[in-house]
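A.B. asks: Quick one: the structure is below, questions incoming.
There are 2 protein chains.
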Amino acid sequence: MTYPFSVAAAAALLVLSVPAGAEAVPVPSPGEIAAAAPAGDWVAIPASDLLVMTLAPDAKGKARRVVIQLMPAPFSQGWIGNIRKLAAAHWWDGAGVYRVQDNYVAQWGDASDEKPLPDDMATVPESDYIARRLFAADDHEAITVVGRDTYAEMATFYRGWPVALHSDFTGASDAWPVHCYGAVGVARNLSPDTGTGAELYAVIGHAPRQLDRNIAVVGRVIEGIEHLSSLPRGSGALGFYGDAAERVPILSVRIASDLPAVDRPVLEYLSTESDSFARYAEARANRRDPFFIAPAGGADICNIPVPVRPVAAR
Amino acid sequence: MTYPFSVAAAAALLVLSVPAGAEAVPVPSPGEIAAAAPAGDWVAIPASDLLVMTLAPDAKGKARRVVIQLMPAPFSQGWIGNIRKLAAAHWWDGAGVYRVQDNYVAQWGDASDEKPLPDDMATVPESDYIARRLFAADDHEAITVVGRDTYAEMATFYRGWPVALHSDFTGASDAWPVHCYGAVGVARNLSPDTGTGAELYAVIGHAPRQLDRNIAVVGRVIEGIEHLSSLPRGSGALGFYGDAAERVPILSVRIASDLPAVDRPVLEYLSTESDSFARYAEARANRRDPFFIAPAGGADICNIPVPVRPVAAR
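Order-wise, the sequence lines are chains A and B.
Numbered according to the working numbering, the first sequence spans residues 145 to 458.
Numbered according to the working numbering, the second sequence spans residues 145 to 458.
Structural data, given as structure tokens:
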């Protein structure tokens, strides 16, 4: 199942782009392949699936906006329902980023752990870390780009999201979202606690895949990750800020559809079912653009970030 | 060759640590395993293999020191020889960090590209990106911890360093250093240029393994990576700072053995040939300490960082 037709075809096209005797045409980079994808290969992200976190301006007075895309069903919907309630209640307004651990996570919420939650929060079971039988045995043909994975039988993309898979005895596959750079997860206490969604973190280092199936992944930062990744690291244990004054205040967190239209981020992602994405993924695994002399022959799932871009004003 | 004896034995010990009927004893975390390793499992890092870069103090006046461990032979020694000459010539003093690209690299050197180099710099061939036949066919037993790798036949550790391998037709293996978080590499122009070592970068995001065998890896940051990873991202293309005033001045770069004894960092790493490291690596791949409910069953080579610690004053 490694590199089925769509990817193999794309590779052939790349080779054919330099006909014998012609001047060598530089092979496009993955970014150039994505940029050249037809409009129909891009998928608009609904404003209702975007969480917009506005941090206090930085020391130079520059605005800091972090935009998070929430995961689609069937993943993590119990926690995401809580997150929607917390945003609607303006629960994070006045909270802060209270932990930044190098090569790991930036975490935010209520550092005091005393702020009352809305009273209709769901308690989500650990079984919801995994989507059971997401791919039936005869669906496997529909998986367009797959790769070897060090942490699971394989890794692929599902509706724009990187996921890992294990097959059950019938050949159907369980799937779960993976912790790549920028992934947003739900902090929790010891099992059986699964967290509510009030305390969230974003990955700011090498993919901590050991957290997969141990913590709920609810989304990914698709704009403004630098406002989290470039924060000073906390000097306390696990990167917690030792002094409350070091915390970065959160001015507001809203679902984008609750913002005035003019303030809504308008973004789209490259469909992971498209031929363009298959070519992009193949090029991430085998760089042949001018800088490279030795294509790697593979890429881990977290080294194939799904292209996201702002939609130009129309 | 996956998980040979030393790792399997360690796993058995972990299971045996909870005898039937006894109160469950928490399984140690990877960090706890490393911390409990006997003194003999730690290897002192010679001061002559440490590159100490002192950046200008931060906005609050706090000192910023970055310590880089240089790779041992047979890897990248041509470039490392150049780096030793550049440090001896105080070439980087007054240079700066001029590029910080999110989830990729922080890069430093002479942004003007006009500063004359010492005149005895080596030009290193591309073939030196790889150490040929590092492991003979009958040496393979000596590889203590190996894992599946998405980018090569396998990945392992060699004298404290993560490396990837490909076997040749005799069964001997070529090996090359890999781009993990904190890895330091030699910036270059298009092939056949291989760079001199004057312009260096450190990885500050998910392992960009596509650079392996395409750029020389010369070392890794083992102290102070946060002084690079938390810098503001550059707003120019590829994360270059658009304004020279944004650059972070480098006060000095020295080989530690050229510093007064009192200023030398004294650090040691956990021998990757030790049983302690095998247990540590196994625990990174299968977390059973109290927070975790689902051990991953694997870890990529860059998610098994080699433990490094300061040597306590004696």
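Backbone N, C-alpha and C define an ideal beta-carbon position, used for all residues, glycine too.
Return yes when the Cβ of A/L344 is within less than 8 Å of the Cβ of A/V330, no when it is not.
C.D. replies: Yes, Cβ-Cβ distance for A/V330 and A/L344 is below 8 Å.
A.B. asks: Would you say the beta carbon of A/V210 comes nearer than 7 Å to a heavy atom of the ligand SAM?
C.D. replies: In the structure on display, the ligand SAM does not appear, and there are no ligands present to speak of.
A.B. asks: Can you check whether the C-beta of B/A351 is within less than 8 Å of a C-beta belonging to chain A?
C.D. replies: Yes - at least one Cβ of chain A is within 8 Å of the one on B/A351.
A.B. asks: Do you know offhand how far B/A188's Cα is from B/A381's?
C.D. replies: Those two C-alpha atoms are separated by around 41 Å.
A.B. asks: Tell me whether the beta-carbon of A/L395 lies closer than 8 Å to the beta-carbon of A/D283.
C.D. replies: No, these two residues do not count as a Cβ contact at 8 Å.
A.B. asks: Please identify, using Cβ separations under 8 Å, the residues of the region 265 to 287 of chain B that lie next to chain A, in order along the chain.
C.D. replies: Answer set for the region 265 to 287 of chain B: E270, Y273.
A.B. asks: Do the CB positions of A/R364 and A/A231 come within less than 8 Å of each other?
C.D. replies: No.
A.B. asks: What are the boundary residues of the beta strand (DSSP E) that A/F301 is part of?
C.D. replies: Counting along the chain, the beta strand (DSSP E) containing A/F301 begins and ends at 298 to 302.
A.B. asks: Are the C-beta atoms of A/E370 and some chain B residue less than 8 Å apart?
C.D. replies: Output row for A/E370: interface = yes.
A.B. asks: So if DSSP puts A/F279 in a beta bridge, which residue, or which two residues, is it bridged to?
C.D. replies: DSSP output for A/F279 lists A/S317 as bridge partner(s).
A.B. asks: Among the residues of its own chain, which have a CB less than 6 Å from the CB of B/D272, if the five just before and after it don't count?
C.D. replies: Within the same chain, B/D272 has close Cβ partners G222.
A.B. asks: Decide if A/F432 is buried, meaning its Cβ has at least 16 other Cβ atoms within 10 Å, or exposed.
C.D. replies: The displayed chain sequence assigns Arg, not Phe, to residue 432 of chain A. Answer is buried; the Cβ neighbour count reaches 16.
A.B. asks: At 9 Å on the CB atoms, spell out the chain B contacts of A/L334, in chain order.
C.D. replies: Neighbours of A/L334 on chain B, chain order: P434, F435.
A.B. asks: According to the Cβ coordinates, are B/I448 and B/R423 closer than 8 Å?
C.D. replies: No, Cβ-Cβ distance for B/I448 and B/R423 is not below 8 Å.
A.B. asks: Report the option in B/V196, B/E426, B/G341, B/A250 whose CA atom is closest to the CA atom of B/N226.
C.D. replies: The candidate whose alpha carbon is nearest that of B/N226 is B/G341.
A.B. asks: Quick check: the region 408 to 419 of chain A against the region 259 to 275 of chain A, are there 3 or more CB pairs under 8 Å?
C.D. replies: Not touching, per the Cβ criterion.
A.B. asks: Does the distance from the CB of B/R377 to the CB of B/D246 come in under 8 Å?
C.D. replies: Against a cut-off of 8 Å, the Cβ pair of B/D246 and B/R377 comes out as a contact.
A.B. asks: Return the bridge partner residues of B/W186 from the DSSP annotation.
C.D. replies: In DSSP, B/W186 forms a bridge with B/L414.
A.B. asks: Tell me which residue opens and which closes the alpha helix (DSSP H) that B/A389 is part of.
C.D. replies: First-last for B/A389: undefined, no H or E at that position.
A.B. asks: I'd like to know whether the C-beta atoms of B/A346 and B/I369 end up nearer to each other than 8 Å.
C.D. replies: Contact flag set, yes.
A.B. asks: Starting from B/S497, find everything on chain A with Cβ-Cβ shorter than 9 Å and list it in chain order.
C.D. replies: There is simply no residue 497 of chain B to check, as chain B begins at 145 and stops at 458 in what is shown.
A.B. asks: Which residues mark the beginning and the end of the alpha helix (DSSP H) in which B/Q221 is found?
C.D. replies: Its alpha helix (DSSP H) spans residues 221 to 232.
A.B. asks: For B/P170, I'd like the list of residues in its chain whose CB is within less than 6 Å of its CB, leaving aside the five on either flank, ordered along the chain.
C.D. replies: Same-chain partners within the cutoff: P434.
A.B. asks: What did DSSP end up calling B/H323 once you bin it into helix, strand or coil?
C.D. replies: In the structure shown, B/H323 sits in coil (DSSP, three-state: anything other than H, G, I, E or B).
A.B. asks: Would you call the CB atoms of A/P404 and A/V196 closer than 8 Å?
C.D. replies: Contact: no.
A.B. asks: For a quick check, are the C-beta atoms of B/R353 and B/H323 less than 8 Å apart?
C.D. replies: Their beta carbons are under 8 Å apart, which means B/R353 touches B/H323 by this criterion.
A.B. asks: Mapping the DSSP letters down to three states, classify B/F421 as helix, strand or coil.
C.D. replies: If DSSP states are grouped into helix, strand and coil, B/F421 belongs with the helices.
A.B. asks: Which residue or residues does DSSP assign as beta-bridge partners of B/G253?
C.D. replies: Answer is B/G240, bridged to B/G253.
A.B. asks: Just verifying my parser: in three-state terms, what is the DSSP assignment at B/I470?
C.D. replies: Beyond the ends of chain B as shown, which are 145 and 458, falls residue 470 of chain B; an answer cannot be given.
A.B. asks: Please report the Cβ distance between A/Y295 and B/G349, rounded to the nearest whole angstrom; I am assuming they are in contact, meaning their Cβ atoms lie under 8 Å.
C.D. replies: Between B/G349 and A/Y295 the Cβ distance is about 19 Å, and since that is not below 8 Å, they are no contact.
A.B. asks: Nearest chain A C-beta to B/T146 closer than 8 Å, yes or no?
C.D. replies: The predicted position of B/T146 is uncertain, since its pLDDT is 32 and thus under 50; no value can be drawn from it.
A.B. asks: Looking at the structure shown, is B/A346 part of a helix, part of a strand, or coil, going by DSSP?
C.D. replies: Note: B/A346 maps to strand in three-state DSSP.
A.B. asks: Keeping to the same chain, check which residues put their C-beta closer than 7 Å to that of A/G315; ignore five residues upstream and five downstream.
C.D. replies: Here the set comprises A281.
A.B. asks: Of all the residues that make up the region 191 to 217 of chain B, which are near chain A by a beta-carbon distance shorter than 9 Å?
C.D. replies: Taking 9 Å as the Cβ-Cβ cut-off against chain A, the residues of the region 191 to 217 of chain B that qualify are D202, A203.
A.B. asks: Of the residues B/A388, B/R453, B/G175, B/V211, which one's Cα is nearest the Cα of B/S256?
C.D. replies: Comparing Cα-Cα distances from B/S256 to each of B/A388, B/R453, B/G175, B/V211, the minimum goes to B/A388.
A.B. asks: Using only the alpha-carbon positions, how far apart do B/S161 and B/I224 sit?
C.D. replies: Its pLDDT being 39, under 50, B/S161 is placed unreliably in this model, and the coordinates cannot settle the point.
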